[in-house]
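Just so you know, the sequence shown maps onto residues 9 to 876 in our numbering.
Ideal Cβ positions, reconstructed from N, Cα and C, are used throughout, including at glycine.
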Amino acid sequence: MPSQSRLTSFLLGAVLTIALLTAEYLLLLDNDRIREQEKLQHWGELGTELLATRLQEMLDRTDLLAQSLIRQRHTTGSAINLSELAPTVLKEESRFGGIGIVRRIGPAQRAEFESNIANSIRMLKDRHLTPSPQQPMYYPVESYLPDDGNALPQGMDLGSLDNARRKMDQARNRNQPMLMFNTLTPGAIPRLDIMANLGDDGHMLLVNLRSDLLLQSSQSNPDQPNPLQHVRLVVWNQEAPDHPSLDSLPMQPLPSGNPLLTTRRQIGGYDLLFGAYPLEEDAPALSQQGYAILASSAFILCLLLILQQRQISHNRALRTLLRRQHQQLELNNRTLREQINDRTHSEQALAESEARQRAILQASSDAIILINRKGLITHVNPAAAKLIGQSAESIEHLPVGSLLTELYSLNVDFESIAAAREGRPFEAHLLCSDNRQMPVELSLSRVEVPDDSFYVAVCRDISLRKEQEAALIRLKNSLAEQVEVQSRQLAALLEASPMAMAYIVDRHLRRVNGAFLDLFERKEDEVIGQTTLPYFESQEQWERTGRALYNLLNDGKVVQSEVKLRTGSGKLIWCRMFGRAVNPSVPKLGTIWLYQDFSAQREMEDALRQAKTLAEENSRAKTEFLANMSHELRTPMHAILGFTEIGEARSRQLQDDKLAQYFQRIHSSGNRLLQLLNDLLDLAKMEVGKMDYHIAHYDLSHCLREACDEMTPLAGSRNIKIYLYCTPEKLTADIDPFRLGQVVRNLLSNAIKFSPDGEVIRVTARLQKDEQQREQVMLCVENYGPGIPCDEIETIFDKFIQSSATKTGAGGTGLGLAICREIIQAHHGVIFAENLVPRGAAFTALLPRFHNTSGPTGEDHVPSTFAR
């Protein structure tokens with residue numbers, strides 16, 4: 009119940025505090041907003057006054073400058089020279105952007121003026137200068153400096169601008185400077201100029217003002233506060249109220265809200281309206297002083313709330329104090345009893361630990377010696393006594409230097425020696441009872457105890473290790489002698505080798521034999537230690553060879569390469585290089601290389617290559633000769649066959665059988681000769697790539713039937729039958745029917761020629777799938793003749809080759825099968841021969857059904873013509 013009332017009072021106090029702080033915050037915020045508004049209005053007034061003062065100051069300075077020029081011209085009588093005046097004026101007052109002379113002339117003076125300036129009077133129209141039309145009065149620019157991007161072009165008629173003519177007339181009539189706002193480019197910042205009269209001869213002074221510097225802080229006192237850092241000033245003139253003439257932020261859009269203040273001023277002949285706007289509409293924010301007041305109030309209210317809570321808790325703390333003290337007293341009693349028990353257990357554990365350490369010391373196999381700070385032995389374990397060969401009692405209280413001479417020095421105390429040796433093992437000699445110096449490994453450690461310190465020396469017998477080290481040293485010396493012997497043997501082998509050999513490390517020659525020096529015509533002192541770069545034709549070849557070979561060498565492979573290398577005399581020789589890494593896993597051990605000069609062999613190969621090229625050229629010439637001769641011979645042969653047919657027909661009419669038989673033999677021999685010429689012509693076309701093929705989707709079964717029908721009479725004369733098997737019955741494919749018919753006729757002609765009388769010839773054509781599951785046509789011609797020897801199955805398809813088993817006087821030139829193979833290969837197919845069992849031979853051709861993968865539709869298989 010007390011805790012609930014305390015929580016309620018705390019919540020009420022917190023709510024009240026928050027309400028008071030919120031009300032105070034709103035009042036302070038409203039007060040700061042009013043003060044900020046007054047401050048911005050003050051800055052606006054200062055900025056307006058500053059800008060008006062600067063404009064008037066520029067007018068006054070321009071007037072003084074014009075009066076000075078008038079006096080100078082009256083005094084000297086010379087024309088105004090801007091090149092002398094401009095640097096002084098522009099340097100003295102940086103708010104002047106440029107200075108120029110404008111002249112008022114009439115139409116009669118225009119020609120003279122244009123002649124003086126070597127240019128025409130022009131007017132600004134649509135952002136371009138065009139010749140000015142006839143005007144009653146012109147105001148052209150006679151000169152202007154500096155000639156920068158803001159300069160006015162010479163000869164530009166300012167009277168053509170909006171209100172420039174009126175302002176220049178006012179400046180001339182009133183004899184006082186006038187402001188002039190002009191917009192030369194639509195959408196650009198208006199140009200601000202001052203016009204002043206220079207006398208009655210029509211000359212006027214034009215001074216350009218830099219708008220950006222008018223709105224900046226003073227250059228003479230840059231630390232002076234600038235009102236434009238707080239407000240934005242905008243100036244309009246009564247002649248162009250839609251667009252501002254001056255703006256402290258010209259690249260930003262005009263504010264949409266109301267200005268802080270507005271005021272009108274008459275300056276330079278203009279009624280100017282000044283407006284001041286805040287730079288940005290900031291959200292209401294409390295000032296630092298407001299925050300300080302608010303924080304003080306919050307602190308006071310929180311302090312009161314804390315005091316209230318503390319007063320409530322104070323009474324509660326008093327009630328619990330006695331209860332806590334009672335509990336603390338009971339806790340102290342319990343802690344005291346636990347400490348007594350812990351002390352008893354600690355003493356027991358210490359005694360047990362000492363007993364364990366003593367047992368470890370006694371049971372240790374290493375010799376352990378305890379030494380006090382004076383260097384006297386205080387205790388030794390049984391292993392140490394056994395190692396020394398004396399009892400432990402006789403060793404104790406002896407100086408440690410009497411046993412270990414490394415721990416004794418006449419001029420240095422023991423602790424200094426121990427400090428130098430402490431913490432790292434070292435070798436020493438232990439004096440044994442038989443006066444023998446035993447080599448030991450000694451480790452010395454300092455042990456700190458609460459009242460004193462002592463040293464522990466651990467000794468290990470290293471006699472066996474010393475013997476092993478001596479054996480290793482002897483083995484090392486023996487290996488070194490063997491390496492020396494092998495090195496001499498290797499050197500003798502290198503020198504005795506007839507091949508050039510080199511040992512190369514990091515592409516530098518470390519050792520070479522005499523054959524290497526003889527091959528490359530160099531001396532040993534010119535080679536050893538030098539890079540292999542001079543032996544190559546170029547650095548690019550040297551780098552390329554290294555990249556290609558050294559990766560293989562690092563893989564443990566024996567590399568071989570044939571390159572051109574340069575001898576000491578500059579001669580290039582062909583060398584065959586053989587290389588192997590000494591140890592591929594350690595590339596720094598280098599590589600062994602052998603060099604073989606095969607320049608003579610290379611020259612022979614080049615000669616053979618040239619002979620081959622010459623033979624091929626001769627073969628092509630022979631082929632062209634055969635083609636030409638075939639054409640020349642076929643023409644008279646056709647005439648002979650024609651007259652033979654006429655003679656045969658006439659002899660039959662005359663019923664002269666003997667004469668008809670002569671003409672028939674002449675006709676038969678002529679046909680065989682014509683066939684031979686045709687074969688030679690086809691072969692010649694194939695060799696020179698002029699054989700024409702017309703591939704289209706045709707009925708293959710019809711083509712085969714025509715060929716069989718054509719050869720049936722020839723077969724019938726010997727009682728030979730031809731059977732055609734076609735699956736499917738109408739088999740279509742992408743073929744040249746004439747050339748494929750020529751293949752079938754050649755195969756049937758051979759089958760008829762070499763088949764015995766009364767035999768059968770089978771022609772088979774069927775559709776099947778190849779290994780890629782594409783459709784192909786299998787065409788096979790089988791005969792039962794003598795067959796083909798196994799070693800001639802491939803060679804019978806070569807030109808002018810006949811099988812030895814068929815050279816029986818049956819005729820033939822050995823061209824038919826060669827032409828068949830060329831035609832089948834032109835169809836992207838293959839042809840081969842095989843023997844049948846028990847006799848006979850089969851010639852099989854495999855042709856793709858389609859020459860592309862589009863499918864069998866007629867639209868995709870467009871007829872194609874090509875030469876092969």
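Residue range of the unbroken alpha helix (DSSP H) whose run includes residue i
i	result
V751	745-762
G157	Run containing G157: none; DSSP gives neither H nor E here.
A392	390-396
H334	296-371
S709	708-724
F422	422-429
A87	Taken as a continuous stretch (DSSP letters only), A87 belongs to no alpha helix (DSSP H), as it is neither H nor E.
Status (buried if at least 16 other CB within 10 Å, exposed otherwise) for residue i
i	result
I769	buried
L326	exposed
K175	buried
L15	exposed
S471	exposed
P267	buried
V455	exposed
N591	exposed
M259	exposed
D255	buried
T138	exposed
M612	exposed
H322	exposed
Among the options, nearest to residue i - alpha-carbon criterion
i	options	result
T61	M259, Q274, A94	Q274
L192	R174, G167, M212, M176	G167
T740	I728, C711, V752, G749	C711
I796	R552, L787, V845	V845
C310	I379, D664, L29	L29
E475	H211, V493, D459, V448	V448
I581	F606, G564, K596, A589	F606
C161	I107, A204, D279	The sequence shown places Pro at residue 161, rather than the Cys named in the question. Nearest option by C-alpha distance: I107.
L452	K761, A427, H136	A427
G105	R112, I113, G114, P95	P95
C716	N89, H835, I728	I728
Q316	L19, V789, R829, L358	L19
I379	S361, V464, A367	V464
I730	I308, T652, S295, D765	D765
Residue i (DSSP reduced to helix, strand or coil)
i	result
L19	helix
G108	strand
G587	strand
N205	strand
C828	helix
H705	strand
V243	strand
N791	strand
P542	helix
P95	helix
N626	helix
M699	coil
G409	helix
M164	strand
L384	strand
L281	strand
N- and C-terminal bounds of the beta strand (DSSP E) containing residue i
i	result
Y416	Careful: Y416 lies outside any beta strand (DSSP E) and carries neither H nor E.
A116	It is not in any beta strand (DSSP E) - A116 carries neither H nor E in the DSSP assignment.
L213	211-217
R174	Segment 172-182 is the alpha helix (DSSP H) holding R174; no beta strand (DSSP E) there.
N843	838-843
I275	269-275
R147	It should be noted that the sequence gives Tyr, not Arg, for residue 147. Element bounds for Y147: n/a, residue is neither H nor E.
L439	434-439
A850	849-856
Heavy atom of the ligand MN within 7 Å of residue i beta-carbon
i	result
E548	By its list of ligands, the structure shown contains no ligand whatsoever, and the ligand MN lies outside what it can speak to.
is_contact[residue i, chain B] using C-beta, thresh 8 Å
i	result
F18	Absent from the structure: chain B. Only one protein chain is present.
Beta strand (DSSP E) segments (min. 3 residues) lying fully within the stretch 452-530: 461-469, 508-513, 516-520
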